[in-house]
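Every letter in the sequence shown is one number past the one before it in our numbering, and letter 65, counting from 1, is 683.
Glycine included, C-beta positions come from ideal geometry on N, C-alpha and C.
Remember, predicted model here, so these are calculated numbers, not experimental data.
Written out below as structure tokens is the structure these notes cover.
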Amino acid sequence: LRTDSMSTDHAPDSTAEKLQTPDQPSACPAEDVVEAPSCPPPLAWQDVLSEFRDQRECFDFTTDGGLQGRGRVFGEGPPLYSLNGFSVSPEIFCLTVWLLREDFRCVVLEYPAEATSLSDLASCVFMAADGLGDQEFDLYATGFGTSVALEILTTNGSRVRHAVDRKSTRLN
619 LRTDSMSTDH APDSTAEKLQ TPDQPSACPA EDVVEAPSCP PPLAWQDVLS
669 EFRDQRECFD FTTDGGLQGR GRVFGEGPPL YSLNGFSVSP EIFCLTVWLL
719 REDFRCVVLE YPAEATSLSD LASCVFMAAD GLGDQEFDLY ATGFGTSVAL
769 EILTTNGSRV RHAVDRKSTR LN
């Protein structure tokens, strides 16, 4: 610490004079210093999307009403069904499911074009869950998917453990 440019009006016990100079020993012995882990490298969305596409498991389902849909599964753990907005690809969830892949078996669905009601879409979720053996599951919904989640909760809410919309509002 250089003090030659500092004013001499400071009292001897001023903060500047209490600072250590490079030749003084550290106040903490080296063995007491804990190094913080470095930040992980930033994620490139292209890499995450590519990994999601390469490692997901695809499945098809047909509802009792004849609607045909497709789903994708990524990760391991309890089932988490992500319900996307009406005109948005389920790949919108690729970063979310990639981050949750070690804690949840994330399921995303494509809505069948022939679905004409919330009941049809809720039926798709139940049929996919039945096909995957999920008697209970969690829901994460965004946009229009929140309406589908509310229909699911109204129709057969006992199968849903937790439901969260995109603003982290608990639906049940």
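Same chain, Cβ closer than 6 Å to residue i, neighbours up to 5 away in sequence not counted
{"i": "D756", "result": "L698, R779 and H780"}
{"i": "L701", "result": "A759, G763, V766 and A767"}
{"i": "D678", "result": "R688"}
{"i": "G749", "result": "F679"}
{"i": "T773", "result": "A740"}
{"i": "N747", "result": "The amino acid occupying residue 747 in the given sequence is Ala; Asn does not appear at that position. Same-chain partners within the cutoff: F755."}
Nearest-angstrom Cα separation, counted from residue j out to residue i
{"i": "D752", "j": "Q664", "result": "31 Å"}
{"i": "V743", "j": "S705", "result": "17 Å"}
{"i": "E675", "j": "L727", "result": "12 Å"}
{"i": "L795", "j": "R719", "result": "There is no way to answer for residue 795, as the model of the chain reaches only from 619 to 790."}
{"i": "G703", "j": "G683", "result": "22 Å"}
{"i": "A733", "j": "L685", "result": "7 Å"}
{"i": "D783", "j": "S707", "result": "17 Å"}
{"i": "P730", "j": "L661", "result": "32 Å"}
{"i": "Q673", "j": "T714", "result": "15 Å"}
Collapsed DSSP secondary structure at residue i in the structure displayed
{"i": "L661", "result": "coil"}
{"i": "T592", "result": "Past the edges of the chain, shown from 619 to 790, lies residue 592, and the structure says nothing about it."}
{"i": "R688", "result": "strand"}
{"i": "E675", "result": "strand"}
Extent of the continuous beta strand (DSSP E) to which residue i belongs
{"i": "R779", "result": "V778 to D783"}
Unbroken alpha helix (DSSP H) run spanning residue i, endpoints
{"i": "E773", "result": "Just to set this straight, residue 773 is Thr in the shown sequence, not Glu. Note, T773: alpha helix (DSSP H), F762 to N774."}
Heavy atom of the ligand FMN within 7 Å of residue i beta-carbon
{"i": "D682", "result": "This structure lacks the ligand FMN, and indeed carries no ligand of any kind."}
Contact set for residue i: own chain, Cβ-Cβ below 7 Å, skip 5 residues either direction
{"i": "T681", "result": "S741, C742 and M745"}
{"i": "W716", "result": "V666, E669 and F670"}
{"i": "D738", "result": "G683 and L685"}
request  = Could you pull out every unbroken beta strand (DSSP E) segment of at least 3 residues lying fully inside the region 701-752, listed in chain order?
outcome  = 723-728
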